[in-house]
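Presented below is the structure to which this report refers.
In this note's numbering, the protein residues as written are -17 to 62.
Right, here's the structure in full:
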């Protein structure tokens, strides 16, 4: 018997939270509120019927778009 491994392209909310290291409540809240003030923008998502899914390539891009900091004082300069 041959076992085939299929790499998922679309992740559930629970899988997404684990993949990006954020909570499911962050995903829900960010999805409902959109971009507000100093809050972190949610990763892009798709809806298939009532199901919410996140595409792996969107998650990778979302993670890559966040600034890497050496220390917290950079964050102040970055947002100034």
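For each residue, glycine too, the CB sits at the ideal point set by N, CA and C.
Taking the straight line between their C-alpha atoms, what separation do you get for residue i and residue j?
| i | j | result |
| --- | --- | --- |
| residue 28 | residue -10 | 15 Å |
| residue 60 | residue 52 | Note that residue 60 scores 49 on pLDDT, short of 50, meaning its location in the model is unreliable; the coordinates nonetheless yield the value given after this. Their backbone Cα atoms lie some 12 Å apart in a straight line. |
| residue 42 | residue 31 | 24 Å |
| residue 44 | residue 33 | 20 Å |
| residue 39 | residue 21 | 22 Å |
| residue 3 | residue 46 | 14 Å |
| residue 5 | residue -13 | 27 Å |
Does any heavy atom of the ligand HEM sit closer than 7 Å to the C-beta of residue i?
| i | result |
| --- | --- |
| residue 13 | No copy of the ligand HEM appears in this structure; indeed no ligand is present at all. |
So residue i and residue j are in contact, right, with Cβ under 8 Å, and what is the actual spacing, rounded?
| i | j | result |
| --- | --- | --- |
| residue 0 | residue 37 | Rounded, the Cβ-Cβ distance is 16 Å, inconsistent with contact. |
Once DSSP output is grouped into helix, strand and coil, what is the label at residue i?
| i | result |
| --- | --- |
| residue -9 | coil |
| residue 29 | strand |
| residue 9 | helix |
| residue 51 | coil |
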